[in-house]
Structure formats: structure tokens, C-alpha cells
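K.L.:
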Amino acid sequence: MTKLKKIGKIKFGLLSPQEVRKMSVTKIITADTYDNDGFPIEMGLMDPRLGVIDPGLRCRTCGGRPGECPGHFGHIELAAPVIHIGFAKLIKKILQATCRKCGHLLLDEEAKKKYQDEIKGLKKIGRSTDYLIKDVFKNSVKIGVCPHCGEEQKNIKFEKPTTYMEEGHKLMPSDVRDRLEHIPDDDVELLGIDPNNARPEWMILTALPVPPVTARPSITLESGQRSEDDLTHKLVDIIRINQRFQENREAGAPQLIIEDLWELLQYHATTFLDNEVSGVPPARHRSGRPLKTLSQRLKGKEGRFRGSLSGKRVNFSARTVISPDPNLDIDEVGIPLEIAREMTITMNITPQNIKECKEYVRRGADRHPGANYVKRLDGQRIKVTDKNSEELAEALELGWKIDRQLKDGDVVLFNRQPSLHRMSIMAHKVKVMPNKTFRLNPAVCPPYNADFDGDEMNLHVPQTEEARAEARILIAVEENLLSPRFGGPIIGGIHDHITGLFILTRGTTLFDENDALELLRKSHVRDLEKPAMHENDKPYWTGKQIFSLILPKGLNLTYRAKACENCDVCKKSECKMDAYVVIKDGRLLCGTIDEKAIGAFSGGVLDRIIKEFSPAEGKKFLDNATRLAIRAITHFGFSFGIDDEDIPQEAQSQIDEIMMEAEKQVKRLIEAYEAGELDALPGRTIDETLEMKIMEELGKARDQAGNIASQHLGLENSAVAMATSGARGSMLNLTQMSTCVGQQSVRGERITRGYDGRTLPHFKKGDLGAAAKGFVKSSYKTGLCPTEFFFHAIGGREGLVDTAVRTSQSGYLQRRLINALLDLEVKYDGTVRDTRGLIVQFKYGEDGIDPSKSDYGKSVNVRRIIQNITGQDPAEV
Amino acid sequence: MKKFNVRDHEIVPEHVIISKKDVEALLVKYSITKEQLPKIKSADPVCKEIDAKSGDVVKITRNSPTAGKSIAYRLVVG
Chain A
6 MTKLKKIGKI
16 KFGLLSPQEV
26 RKMSVTKIIT
36 ADTYDNDGFP
46 IEMGLMDPRL
56 GVIDPGLRCR
66 TCGGRPGECP
76 GHFGHIELAA
86 PVIHIGFAKL
96 IKKILQATCR
106 KCGHLLLDEE
116 AKKKYQDEIK
126 GLKKIGRSTD
136 YLIKDVFKNS
146 VKIGVCPHCG
156 EEQKNIKFEK
166 PTTYMEEGHK
176 LMPSDVRDRL
186 EHIPDDDVEL
196 LGIDPNNARP
206 EWMILTALPV
216 PPVTARPSIT
226 LESGQRSEDD
236 LTHKLVDIIR
246 INQRFQENRE
256 AGAPQLIIED
266 LWELLQYHAT
276 TFLDNEVSGV
286 PPARHRSGRP
296 LKTLSQRLKG
306 KEGRFRGSLS
316 GKRVNFSART
326 VISPDPNLDI
336 DEVGIPLEIA
346 REMTITMNIT
356 PQNIKECKEY
366 VRRGADRHPG
376 ANYVKRLDGQ
386 RIKVTDKNSE
396 ELAEALELGW
406 KIDRQLKDGD
416 VVLFNRQPSL
426 HRMSIMAHKV
436 KVMPNKTFRL
446 NPAVCPPYNA
456 DFDGDEMNLH
466 VPQTEEARAE
476 ARILIAVEEN
486 LLSPRFGGPI
496 IGGIHDHITG
506 LFILTRGTTL
516 FDENDALELL
526 RKSHVRDLEK
536 PAMHENDKPY
546 WTGKQIFSLI
556 LPKGLNLTYR
566 AKACENCDVC
576 KKSECKMDAY
586 VVIKDGRLLC
596 GTIDEKAIGA
606 FSGGVLDRII
616 KEFSPAEGKK
626 FLDNATRLAI
636 RAITHFGFSF
646 GIDDEDIPQE
656 AQSQIDEIMM
666 EAEKQVKRLI
676 EAYEAGELDA
686 LPGRTIDETL
696 EMKIMEELGK
706 ARDQAGNIAS
716 QHLGLENSAV
726 AMATSGARGS
736 MLNLTQMSTC
746 VGQQSVRGER
756 ITRGYDGRTL
766 PHFKKGDLGA
776 AAKGFVKSSY
786 KTGLCPTEFF
796 FHAIGGREGL
806 VDTAVRTSQS
816 GYLQRRLINA
826 LLDLEVKYDG
836 TVRDTRGLIV
846 QFKYGEDGID
856 PSKSDYGKSV
866 NVRRIIQNIT
876 GQDPAEV
Chain B
72 MKKFNVRDHE
82 IVPEHVIISK
92 KDVEALLVKY
102 SITKEQLPKI
112 KSADPVCKEI
122 DAKSGDVVKI
132 TRNSPTAGKS
142 IAYRLVVG
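Chain order of the listed sequences is A and B.
Plus 5 on top of the position in the first sequence (first one is 1) and you've got our numbering.
Plus 71 on top of the position in the second sequence (first one is 1) and you've got our numbering.
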């Protein structure tokens, strides 16, 4: 391990012209790069002392080879000073704050002293002095006569981007530099600048550092032509104009021409530093593309900071669209053959595996599990081709390495962004498959929060034995069935898995031997138990029996299913909803399997199996359960269509009546309100009371209508089956489709905005009735009338805005939390410490419990222990 | 005005200054230096009340929703 190094301090400052010259290895004087023979010209932009980029050559300055030599700066002596665009604004502020003649800060000695002391005090206790500095600038600009030399100050105007005007008179950069030079060190300090590291006149460039060639490598095109980096192009421009400026000045050219050239030099220096300055046309490549100069290299998403330093790209990774495959195990991932052939694992050749390795090499790169590269002891890497595969296979020796293609059973890390919790990256076993998508069992969608509407996922291949071991032991899907957030299963059956087992285990559906075995075909269960009954000498099994076969022996569990109606006195096994679930010794005696049994986040049966048996047993159960469920649902067939929302005529008229009654009731309330007969509820105004009562009335009406509808829709209705089993949707969804959509709301209130005194011009002003305030009487099936449709759109839009705002806010909240906590670590002694070893908690979570090993957050489940020992539920004793 | 003792408030946990010997034992138990302990200011109302001076270590016994009782130590500073 490399030793940790501590950063002592970071110093920020400006480069002085002397420093620029001192660190420079050569002065650059010619704009040419290479001569006719293709050799770099000395004192040109590609001077060999600036570093090496061509392989095989050595650096003339440090002797390093390409890759070793970091490159060395050169410099250009500018014929005339130019403004550094990054400091243009600050220069203006300084010019305004200092005397045009003597250079002193325009404050009298007393004020200066006061600021100096205050700044000293603040620096001592390590506080920011920003607001004081601001004050200094603000106060000194106001002063019109220098308190030191009595000079009258002229008004200085800054014309973007780089011109300073003093009462109609232009200040050349050399004038500006002269003034800045005159500012005494003491005054510089008051301007927020440390004079030891940055003198203000250094903000005017006189010597320009030339970046090493390693920072602007030229590339050779296939045609043999060299293509230079954008920075080099810009430097060429600067040198050309610099030379012309010098020649013109020496030849005594008229002032006008000199000034034009000076301007041009300023333009090139500006765009060299930043090509996106407002007011400066960006310098362009011959093709018309704006050049990417220094500032553009650093800025933005793909810039040095966000793109290269905090963001990294990795090898041995793949990304493609995902699609479902319920036939895979939950800890498998289907990988396209093309990807498997490209991705490799390095094998060290040992006496134990040399035969296997030879076989991979013999197969070559084109026949699937083959090898792509062989690495000899001397470090030479040889590509395995059709031609050399036999030869290489024979030549293999101990200690060599081969890059073997990915094959079935390899461990890989699978990930979907955003990686919000640790289950966003899990280790899967490879299963090489045809076609071009990653395949995964839909049961692992919840932890990744994945669906198949075009989601893409990433895959990484661990390259060392340690990494693979860690992946198997810590990151495997099997080890992450339980969430560390609440100690329950986070992976579990979804949608069809739940519906499938629901219809299979509900009531007593009978299956003959053929059907029973057909259902269990993919579930690794071969032996049926004693049939539940015989008819015409043929044995029959119940759905509950079939499900019991995949439960582990020894599992005992009693709970109430989702369909439970919370009757006052529980009828236990006589429950008409079949919602009282009893599992004894791995046999489902009564009750229906639903979301509360196998669902992600809430699956009780799954939870018990994982905790009382093992994660491996839990994984096996989940594999079997999902397969059985898929077979069951295909056996029965399951579909949902528009006619599933049909409601019999008599129910419809009942519903209409309820709606009429509700509207009448609302009208009565409004009349009472207008007559002033309405009594205000405690803590409410009369207006609020009316609103609440109307909302309540309409809500009641919708619920009543929904109840009537659901009386006529039984469990044979697919939507009802999905809602009661918890697979998808709710009874409310169904009510909205079949009966009545209900009140639309904005911020929990009836819709009130729109025109003056009304929501839409279709209503009378001041109408407080149901329809005028966004009550949708129609159902989705009958269709909404135009005003209803409009209100629905309002309500729907609020929902969308809410989710958009919430996700961004909670995302940022979580990011800050994670940034604050990410270095904390639970040590072996149970303490939580930061990187300095400072103790944050003496015992993790105060009780030292790993929540993923806990029982829904509790460290022990006393009731469960009693039940396991006595065989009785303590609640029933 | 009647003086109010913060330690009497029900949500203020119990703070006790521990002896030199106990501090030694504590540092050995967690193999840490004093500086690695969490800090509490000597100006903290409870510290003033129990007269804890900079350099003392206080033992804080809290009621914990997860563990019933939990014990933490803090180094008095400043």
C-alpha cells in the first residue's frame, strides 16, 4: 500500500513574467512547427525541448521517453503587453480604486489603518475577509481627489471585453500596467491580493507561457499529414501577429497601424485563454468550428474537472438495453454472445488448468468460449488468430497468462443508474445467449428500479481472484435479498408472479397428474405428494398442494393475507376471502398466496425462508415460485380488456342515483351557505367549512359508487384479481375506470383558479356546484366531457409537476447526505469512525445491529422465537 | 427569575465526569487518543452545570429507541 500523504497547504497566485521565463526551457520565436524533412524546428512551437510525444524519441530537456516526460513549458516574449482576459474585470476595479498618478489606494491613512487591522484580525482566526475587501473597493471608488498626492481622479470606464477608457481617452495595456506597478504592497493587500504571490501588474501579460507539446499533441493522419492541436493553432496566430507587430514598430509604422496590430494581438491572446468571451467573436478553425482553447478544456461537463478528474471511464465494461427472461435464475444475467466474446478474464496458467487453457487458446477468438490474447512471461502480448491458435496452444507454458472469453457461470457486476443504494450494483452469474440485450429475471427489477421500456444497464467483469471472491461473498444477488433499509426482502415476485400464485392457490382448484406436473415442470420438484382426492379413479391435487411442494420443509407461518377485511372476529380458516394463511411444516393448509407472501418489499413467506433457512434457500424458493407462477398464469390464461369494466344496467342506475343524490346534497349545502345557515366547524371559516363538506360529500359518493361497482365485479375479473392480490393497480383505479373518476384537485382543494369568479366560461360566476369546481362524474370508460377533461388535465399536471420537483429535491438532499457520510466506517470493534479515526458513534446505531440482518428493524422477534419453540402463536394462547 | 437546572429536563441525558483512571481504561478499550473522542464545549449548559473543565471526559447515558440505553463519551474542549 502506498502511504497516505497529507496536503499541507495550497497556494494560489499569479505567474510573474520572471517566473514564466524561469520555468521556460526555450523562447519561442518562429511560428513554424516542422521543417521540410518533418523535424521540429528549434525555437519553434514544436521545439524538442518542450517534451516528446513521438514514440522512440527522448526528451531533450529531461531525457524521459514519451509517457515519462511530463513536458516542459516554453515562453513567448510579447512585443507589447496585453490584458489577461480572466482578470479584465478585476483590473477595472483596481484602476478605479487607486490613484492615477501615485498609485496609492484612494483612502486616507486612518481608514486604511482601520481596514488593515480588521483584516489582520479576521485572518488570524481564519475567517473570510471577502466582505471587508468589497467595502474597500466600494468606498475608494467614491473618492475624487487622491488623499496622498492631491491628484484629481478621472472617471474610468470599462468597455467589454478588454478596453479601458479614461474620460474618452483610451488606456493602452502598457499604461494600465504602469499604473498597477505603482500600487504599494500594503495597498495591494487591502485589495484582497497577497503581494508576495500576485502583484496586480502580473495581470497584464508580457511573457506568455507556451504549454508543453504533451498538452497539445499533434496527430498524424493516415495520409501522413500532420494535424495540429487547437492550442498550437492559436499559438501560431499569436507568434505571427507578435512578429508583425515588432517589425512594424521597428520600421516606424504609423500609430494607427500599430494600434490595430496591438488590438489583434489582444484578440489572439484573449481567445487563446478563453474562446467564449462575450463580445469577442470566437476564433475558428478553417472548417468553421470554434477552437477549443484553454478555458474550454476545463469548463463544463466534458471538461477537465467534471469529465476527466471526478469522472472516470473503465475497461472491462459493457452496456446495452435490458429485457426480461423469466426462465433465468434470479442471480443470472443473460449476456449477448458478441459481448461475451469481447470481454475477457485473465487466467494464470498453472499445472491444474493448463489443459483447460490450451483448449481455450485452440478454440481461438472466433469459437465461443475461446481466448483473445496470450501473454508470455517476457510480457509480450500475442493476439490469438485463426492462423496461430494451434501453434500458441502448444507453446503455452506455466506462468503465462491468457485472456479467456466470458462464459457461463462467471461472476460479473450488474448495475443500473442512478446507483442510489447498494443493491443498484449486484453480482450475477453469466449466461451467454443469442441476441443483443442483457436478459434478467423480472424478479430482480425492484432493487435496480428497472423496467423494460428501453432501460440500459452496465456490466463490469472483475479481473482478480480477490475481486471475484468479494463479488460472490458480498455482492451476489443472493446476499442482497434483504434490504439494509428495513430488514425485509427487497427482491421478490412482481406482477404476474403474484397474480399467478394467487389464482393457483386460491380456494381449491383441482389439477390432474398431467397438469400438476406440467405446472411444476421448471421448478426442480419431481415427486408429488398424496393426492387430495380421487374422482373416477383419477387422482387430483389442489393448487395449494402444488405450491406447498416448493416450500422448504419445516416452515411454519401464520398471517393474514392482503385480501383480509379485518373482520371484528376473525373466522380463521373459515375466512370467506381465504385470507387466513397457515403454513405448517412447509405445507400451505389454508389461505391464498399474494403480495404479502412473495412480493418485493413485503413478502412475508420469502422473508421467513431467508431468515430461518438461508439466503440460498430463499433464492431457490424465489426461482421456483416465479417459475411456478408463470406456468400457472399461462395455464389459466389471464387478460384484461375494456369489457372487464362493464357494469350491469341495474348497478349503473344505482350509481346514477347516488350521483344525483350527491349533487342534490351539494346544492343543499350551498343553499344553506347562502342563507347563512351553515355552522362553521371548529377552527374553520364558513367558506372552508362549506368546501370541506362538499369535498366530503362528493368523496363519499365516489366511494359508494365504487362499492356498488365492486359488488358486481368478482374475483373472476382480472383487474379485481390483480388489485386484491396486490400484483398491480388498486380498487380505486378500477372504480375510476368503470364508475366515476371523482374530484380533481389542486393543492388538496377543489379547482378554483381560472377566470374571475369561475373556472371556465361555461359556468356562472360564483357557481360552487360540483361540476363547476372540477368534479368528474364520468368514468374513464364512458369518457369525460370537455369541461371534465380540462379539470382532469389540471389535476394531472399538478401530479407531474409534483413528482418532477420532488425527485430533484430529494435527489439533492440525498446527495448531500451521502457526501457527508460516505467516509464513515463501522470498525471491527463496533464503533463508527471517520477517516481520522475520530469516533462518531460508540456502537453502530446505538445497538450495533446490522439492519439487513434484523427483523424489520428489530434485533429480535420474540414472538417468533416463542412460536418456534412452543409451536403455538403467542397471540392465540 | 427562578433558576432552572438543565439537567432536570427530561430530554437532557445524564452527564457524568469520569475519573482519570476510567478515562485511561476507555482510551485503551477503543485504542484511541483523547482527541479522537467526540467533543463537547465547556460552555455547554450541561457542562457548566456539572462543572466540567476542558480536558475532562463526560459519560453521557441516553435513552435509545433502538438499544434502550446507550452510552457515549465526549471530551470537554474550549
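Where is the CB? At the ideal position from N, CA and C, for every residue including glycine.
Could you tell me if SER743(A) is buried or exposed, where buried requires 16 or more neighbouring beta carbons within 10 angstroms of its beta carbon?
P.N.:
buried
K.L.:
Anyone know if the C-beta pair for VAL482(A) and ASP583(A) falls short of 8 Å?
P.N.:
no
K.L.:
Could you confirm whether any beta carbon from chain A is found closer than 8 Å to the beta carbon of PRO109(B)?
P.N.:
yes
K.L.:
Let me make sure I understand the geometry here. Which of ARG54(A), ILE244(A), PRO259(A), ASP234(A) has the alpha-carbon closest to that of LEU299(A)?
P.N.:
ASP234(A)
K.L.:
Examine the Cβ distances between the segment 631-644 of chain A and the segment 501-513 of chain A and report whether three or more of them are shorter than 8 Å.
P.N.:
yes
K.L.:
Check the Cβ-Cβ distances between SER125(B) and every residue of chain A, and say whether any is below 8 Å.
P.N.:
No, SER125(B) does not count as interfacial toward chain A.
K.L.:
Using a C-beta to C-beta distance shorter than 7 Å, which residues of chain B count as neighbours of PHE491(A)?
P.N.:
Chain B residues near PHE491(A): none, gap ~14 Å exceeds 7 Å.
K.L.:
Do you know how far the Cα of PRO287(A) is from the Cα of ARG184(A)?
P.N.:
30 Å
K.L.:
DSSP has SER141(B) in a bridge; who is on the other side?
P.N.:
BP columns for SER141(B) point to ARG133(B).
K.L.:
Name the DSSP bridge partner or partners of ASN463(A)?
P.N.:
ARG324(A), ASN420(A)
K.L.:
With a threshold of 8 Å between beta carbons, is LYS848(A) in contact with chain B?
P.N.:
yes
K.L.:
Where GLU156(A) and PRO53(A) are concerned, what is the direct C-alpha to C-alpha distance, given to the nearest angstrom?
P.N.:
Each residue's Cα considered, the two are about 53 Å apart.
K.L.:
With burial defined as no fewer than 16 other Cβ atoms inside 10 Å of the residue's Cβ, what is the status of ILE103(A): buried or exposed?
P.N.:
First, the amino acid is wrong: residue 103(A) is Thr here, not Ile. Buried, by the Cβ-count rule.
K.L.:
Kindly list the residues whose CB is nearer than 6 Å to the CB of LYS567(A), restricted to its own chain and excluding five residues on each side of it in sequence; keep chain order.
P.N.:
ASP599, GLU600, LYS601, GLY731
K.L.:
In three-state DSSP terms, what is THR740(A)?
P.N.:
helix
K.L.:
With a threshold of 8 Å between beta-carbons, can LEU739(A) be considered close to chain B, or not?
P.N.:
Not an interface residue.
K.L.:
If the criterion is Cβ atoms closer than 8 Å, does the pair ILE111(B) and LYS130(B) meet it?
P.N.:
no
K.L.:
For the segment 129-159 of chain A, enumerate the residues whose C-beta is nearer than 8 Å to any C-beta of chain B, in chain order.
P.N.:
none
K.L.:
Give the range of the beta strand (DSSP E) segment to which ILE499(A) is assigned.
P.N.:
Here ILE499(A) belongs to no beta strand (DSSP E), and DSSP marks it neither H nor E.
K.L.:
When DSSP labels each residue in this structure, what does LEU594(A) get in the three-state scheme?
P.N.:
strand
K.L.:
Going along chain A in order, which residues have a C-beta closer than 9 Å to the C-beta of SER113(B)?
P.N.:
Correct list: empty, because the minimum Cβ distance to chain A is about 19 Å.
K.L.:
Take ALA96(B) as the anchor and find which of VAL128(B), ASP115(B), VAL148(B) has the nearest alpha-carbon.
P.N.:
VAL128(B)
K.L.:
Where PRO217(A) and GLY69(A) are concerned, what is the direct C-alpha to C-alpha distance, given to the nearest angstrom?
P.N.:
Between PRO217(A) and GLY69(A), the C-alpha separation is close to 14 Å.
K.L.:
Determine, for ASP334(A), whether the minimum Cβ-Cβ distance to residues of chain B falls below 8 Å.
P.N.:
no
K.L.:
Using a Cβ-based criterion (distance less than 7 Å to any ligand heavy atom), does PRO84(B) qualify as near the ligand SAM?
P.N.:
Questions concerning the ligand SAM fall outside what the structure shown contains, since it holds no ligand whatsoever.
K.L.:
Given a threshold of 16 other Cβ atoms within 10 Å of its Cβ, counted over all protein chains shown, does PHE626(A) qualify as buried or as exposed?
P.N.:
With 16 or more neighbouring CB atoms inside 10 Å of its own CB, PHE626(A) falls in the buried class.
K.L.:
Can you pull the chain A residues whose beta carbon is under 8 Å from the beta carbon of ALA143(B), in chain order?
P.N.:
GLN846, PHE847
K.L.:
Give the secondary structure of ILE148(A) by DSSP, where H, G and I count as helix, E and B as strand, and everything else as coil.
P.N.:
When secondary structure is reduced to three states using DSSP, ILE148(A) falls in the coil class, being assigned neither helix nor strand.
K.L.:
Could you tell me whether the segment 86-97 of chain A touches the segment 266-285 of chain A, where touching means 3 or more Cβ pairs closer than 8 Å?
P.N.:
Look at the beta carbons and you see the segment 86-97 of chain A touching the segment 266-285 of chain A: at least three pairs across the two are nearer than 8 Å.
K.L.:
Please state whether DSSP places ASP135(A) in a helix, a strand or coil.
P.N.:
helix
K.L.:
Shorter than 8 Å from the beta carbon of ALA138(B) to some beta carbon of chain A?
P.N.:
yes
K.L.:
Since I believe LYS782(A) is in contact with MET664(A) (beta carbons under 8 Å), could you give me their beta-carbon distance rounded to a whole number of angstroms?
P.N.:
6 Å
K.L.:
Mind checking ARG221(A): buried by the 16 CB within 10 Å criterion, or exposed?
P.N.:
So ARG221(A) counts as buried.
K.L.:
Out of THR355(A), LYS535(A), VAL437(A), which one is the CA nearest neighbour of ASP330(A)?
P.N.:
VAL437(A)
K.L.:
Does the separation of the CB atoms of ASP247(A) and ILE263(A) fall below 8 Å?
P.N.:
The sequence given here has Asn at residue 247(A), not Asp. Contact: no.
K.L.:
Within the 8 Å Cβ cut-off, does THR836(A) reach chain B?
P.N.:
Yes, contact with chain B.
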